[in-house]
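Only one structure is covered here, and it is reproduced in the block below.
Number of protein chains: 2
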Amino acid sequence: MKAEIITIGDEILIGQIVDTNSQWIGTELNKIGVSVYQISSIQDDKQHILNALKEAQERVDIVILTGGLGPTKDDITKKTIAEFFHDDEIVEYPEVLEHIKGLFRKINHPFKEVQRFQAQLPSKATLLMNHFGTAPGMWFYENNTVFVSLPGVPYEMKGLITNQVLPRIQQQFKLPFIIHKTIMTYGQGESTIAERIEDFENNLPIYIKLAYLPSFGKVRLRLSAKGENKEILEKELNEKVAAIYQLIPEIITGLDDDRSLEKRVGELLKKITKRLEPQKV
Amino acid sequence: MKAEIITIGDEILIGQIVDTNSQWIGTELNKIGVSVYQISSIQDDKQHILNALKEAQERVDIVILTGGLGPTKDDITKKTIAEFFHDDEIVEYPEVLEHIKGLFRKINHPFKEVQRFQAQLPSKATLLMNHFGTAPGMWFYENNTVFVSLPGVPYEMKGLITNQVLPRIQQQFKLPFIIHKTIMTYGQGESTIAERIEDFENNLPIYIKLAYLPSFGKVRLRLSAKGENKEILEKELNEKVAAIYQLIPEIITGLDDDRSLEKRVGELLKKITKRLEPQKV
Numbered sequence: 002m003k004a005e006i007i008t009i010g011d012e013i014l015i016g017q018i019v020d021t022n023s024q025w026i027g028t029e030l031n032k033i034g035v036s037v038y039q040i041s042s043i044q045d046d047k048q049h050i051l052n053a054l055k056e057a058q059e060r061v062d063i064v065i066l067t068g069g070l071g072p073t074k075d076d077i078t079k080k081t082i083a084e085f086f087h088d089d090e091i092v093e094y095p096e097v098l099e100h101i102k103g104l105f106r107k108i109n110h111p112f113k114e115v116q117r118f119q120a121q122l123p124s125k126a127t128l129l130m131n132h133f134g135t136a137p138g139m140w141f142y143e144n145n146t147v148f149v150s151l152p153g154v155p156y157e158m159k160g161l162i163t164n165q166v167l168p169r170i171q172q173q174f175k176l177p178f179i180i181h182k183t184i185m186t187y188g189q190g191e192s193t194i195a196e197r198i199e200d201f202e203n204n205l206p207i208y209i210k211l212a213y214l215p216s217f218g219k220v221r222l223r224l225s226a227k228g229e230n231k232e233i234l235e236k237e238l239n240e241k242v243a244a245i246y247q248l249i250p251e252i253i254t255g256l257d258d259d260r261s262l263e264k265r266v267g268e269l270l271k272k273i274t275k276r277l278e279p280q281k282v
Numbered sequence: 002m003k004a005e006i007i008t009i010g011d012e013i014l015i016g017q018i019v020d021t022n023s024q025w026i027g028t029e030l031n032k033i034g035v036s037v038y039q040i041s042s043i044q045d046d047k048q049h050i051l052n053a054l055k056e057a058q059e060r061v062d063i064v065i066l067t068g069g070l071g072p073t074k075d076d077i078t079k080k081t082i083a084e085f086f087h088d089d090e091i092v093e094y095p096e097v098l099e100h101i102k103g104l105f106r107k108i109n110h111p112f113k114e115v116q117r118f119q120a121q122l123p124s125k126a127t128l129l130m131n132h133f134g135t136a137p138g139m140w141f142y143e144n145n146t147v148f149v150s151l152p153g154v155p156y157e158m159k160g161l162i163t164n165q166v167l168p169r170i171q172q173q174f175k176l177p178f179i180i181h182k183t184i185m186t187y188g189q190g191e192s193t194i195a196e197r198i199e200d201f202e203n204n205l206p207i208y209i210k211l212a213y214l215p216s217f218g219k220v221r222l223r224l225s226a227k228g229e230n231k232e233i234l235e236k237e238l239n240e241k242v243a244a245i246y247q248l249i250p251e252i253i254t255g256l257d258d259d260r261s262l263e264k265r266v267g268e269l270l271k272k273i274t275k276r277l278e279p280q281k282v
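Chains as they are written, first to last, in this note's numbering: chain P, 2 to 282; chain U, 2 to 282.
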């Protein structure tokens, strides 16, 4: 099952913010066995959104859009989504309107007519209620492809993904498991390591992939496995990790969460410090 | 002038890292007047890279690829780029080989034959020497489109962008100026602000755009102007900022770098603290 994440809006494109939404969504999708095939950041522009939706539909099974759902003029996403779904009409959802009015009552602000726009969605949308804000999420299913549209404000987006989008995806599709293990190494270059584990790499089964992730002085080796049976995958991946430990033992500094070399050095220093009683002044 | 940034590799797609490279490149391109039209993160897969290059070529004038240039098996970028440029052949660049050997001499490591692969590039590439690493950058120009391929390691990529790519883009194209000003507000929602500055927004000239960027409790208003004359743009944008200050004075907390409300509160507290002489114990 493959997904594409599309973020709408200039903020990312002009470098004003880093796209942490897509990173978070990617991690969450991975956990339930959905591979992210592509991430695209696009303009808040009708034709650009239409093209992106069309291209994504040809590539993946699940399209997740974030952003472009505010109540102001610069957001044209909803109209564009309606057009994409065969010129669907925009209708008012009374339960959303009631929810928005409730939010405004709670914070003692008068309800403004311009807010009504937030309650208007394409008629074909399955409503995803946003308990943390005024812009609802939307779910569409057409030609075996799921389309989800979510607000870009991170805590609103996260609430919707966790509580509504992921459970629905799990209901809609039979999903495999995807597991990653990352081995941290220090002190040898990518090419040297590649030579040392060449045979190992050539003999990996098709459902286990190895990636080299170099940074200054370090190379991480990421093993990724995909399959139906989580226990078997875990077992096989642990065997592969053990095999790599056999091949390049002296350059490995840790595994996964235990990732940072700095953290390991810190732990070792703490151990020593404990043994050295502090001198009394 | 429009650009697309394409990052190659699974690291971003599985959520292992945040795509800070694209954010940095976006900022730098903006500074020299190039708009980033789209950012795409794709798989390290031949067909996927070919499709992304073809799609980008139809959309933009400048395509910047990062990632996928390591010396190991999992990197197929160079071969794919050669195929994209009409089945170009891969040839060895002696000056790159010499540079790589030099790097290895410097750190007292023996040169490995597998490193020779790094010196092999499509014959149509204009070489961009990478002074911070072994993988060179490449520059192609075809049908009015520039293609740049760079390593994904951030400090190598940044060196190449700053010293080679940006100067070449400025030489190749006549570029406009793009200027942004961001007004920070606190305490009113997007829709309320939109109502208050509706007339102002409707009367903006076509080359000045307004975006609403909401987050918890705050809305940033970003004005962006694009044109040939930097002084005139600066002047006009300052006038627009002044006009917004007139319309919603009581909710504005700062401008641009002066962005963070927390920072402002900190400054105010420091001012007060200075006046309160510390009590001697």
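By construction, the Cβ of each residue, glycine as well, lies at the ideal position given by its N, Cα and C atoms.
Source: prediction; values computed, not measured.
7 Å Cβ cutoff, residue i in contact with chain U
i: Glu59 of chain P; result: no
i: Asn22 of chain P; result: no
i: Ile28 of chain P; result: Residue identity differs from the one stated: residue 28 of chain P is Thr in this sequence, not Ile. Cβ-Cβ to chain U under 7 Å: yes for Thr28 of chain P.
i: Ala126 of chain P; result: no
i: Leu234 of chain P; result: no
i: Ile212 of chain P; result: Checking the displayed sequence, the identity of residue 212 of chain P turns out to be Ala instead of Ile. Judged by the 7 Å Cβ criterion, Ala212 of chain P is in contact with chain U.
i: Glu96 of chain P; result: no
i: Val37 of chain P; result: yes
i: Ile253 of chain P; result: no
i: Asp257 of chain P; result: no
i: Glu84 of chain P; result: no
i: Asp62 of chain P; result: no
i: Gly138 of chain P; result: no
C-alpha gap between residue i and residue j, whole angstroms
i: Ile184 of chain P; j: Ile249 of chain P; result: 11 Å
i: Val35 of chain U; j: Pro155 of chain U; result: 21 Å
i: Glu191 of chain U; j: Phe217 of chain U; result: 11 Å
i: Gln116 of chain P; j: Ile253 of chain U; result: 22 Å
i: Glu59 of chain P; j: His110 of chain U; result: 48 Å
i: Val295 of chain P; j: Arg197 of chain P; result: The structure shown does not extend to residue 295 of chain P, since chain P spans only 2 to 282, so no value can be given for it.
i: Gln247 of chain P; j: Gly69 of chain U; result: 27 Å
i: Ala120 of chain U; j: Thr78 of chain U; result: 14 Å
i: Glu268 of chain P; j: Lys275 of chain P; result: 11 Å
i: Glu56 of chain P; j: Trp25 of chain U; result: 26 Å
i: Ile91 of chain P; j: Thr81 of chain P; result: 11 Å
i: Phe174 of chain U; j: Gly134 of chain U; result: 28 Å
i: Phe118 of chain U; j: Lys271 of chain U; result: 58 Å
i: Leu14 of chain P; j: Glu93 of chain P; result: 32 Å
i: Glu99 of chain P; j: Phe112 of chain P; result: 11 Å
i: Asn22 of chain P; j: Asn239 of chain P; result: 31 Å
i: His49 of chain U; j: Phe178 of chain U; result: 34 Å
i: Ile108 of chain P; j: Leu176 of chain P; result: 42 Å
i: Glu12 of chain P; j: Pro95 of chain U; result: 42 Å
i: Gly255 of chain P; j: Lys264 of chain P; result: 10 Å
i: Asn230 of chain P; j: Asn204 of chain P; result: 21 Å
i: Gly153 of chain P; j: Gln165 of chain P; result: 16 Å
i: Glu251 of chain P; j: Glu114 of chain U; result: 23 Å
8 Å contact criterion, which residue i and residue j should meet: CB distance rounded
i: Leu222 of chain P; j: Gly228 of chain P; result: Rounded, the Cβ-Cβ distance is 20 Å, inconsistent with contact.
i: His181 of chain P; j: Leu129 of chain P; result: So it is not a contact: roughly 29 Å between Cβ atoms.
i: Ile43 of chain U; j: Gln44 of chain P; result: Ile43 of chain U to Gln44 of chain P, Cβ: 19 Å. No contact.
i: Ala226 of chain U; j: Ile207 of chain U; result: Incorrect: roughly 10 Å between the Cβ atoms, too far for contact.
CB of residue i within 7 Å of CB of residue j, strictly
i: Met158 of chain P; j: Ser150 of chain P; result: no
i: Leu4 of chain U; j: Val61 of chain U; result: It is Ala, not Leu, that sits at residue 4 of chain U in the sequence shown. Their beta carbons are under 7 Å apart, which means Ala4 of chain U touches Val61 of chain U by this criterion.
i: Glu199 of chain U; j: Leu211 of chain U; result: no
i: Leu30 of chain U; j: Val19 of chain U; result: no
i: Gly1 of chain P; j: Gly10 of chain U; result: The question about residue 1 of chain P has no answer here: the residues shown for chain P are numbered 2 through 282.
i: Leu167 of chain U; j: Asn131 of chain U; result: no
i: Val220 of chain U; j: Ile245 of chain U; result: no
i: Tyr187 of chain U; j: Gly71 of chain P; result: no
i: Pro123 of chain P; j: Asp89 of chain P; result: yes
i: Gln171 of chain U; j: Ile33 of chain U; result: yes
i: Leu54 of chain U; j: Phe86 of chain U; result: no
Any C-beta of chain P under 7 Å from that of residue i
i: Gln165 of chain U; result: no
i: Lys79 of chain U; result: no
i: Val19 of chain U; result: yes
i: Gly218 of chain U; result: no
i: Val115 of chain U; result: yes
i: Leu66 of chain U; result: no
i: Gly69 of chain U; result: no
i: Gly34 of chain U; result: no
i: Glu12 of chain U; result: yes
i: Ser192 of chain U; result: yes
query = Per the contact definition of three or more C-beta pairs closer than 8 Å, is the segment 100 to 110 of chain U in contact with the segment 64 to 73 of chain U?
reply = No, they do not touch.
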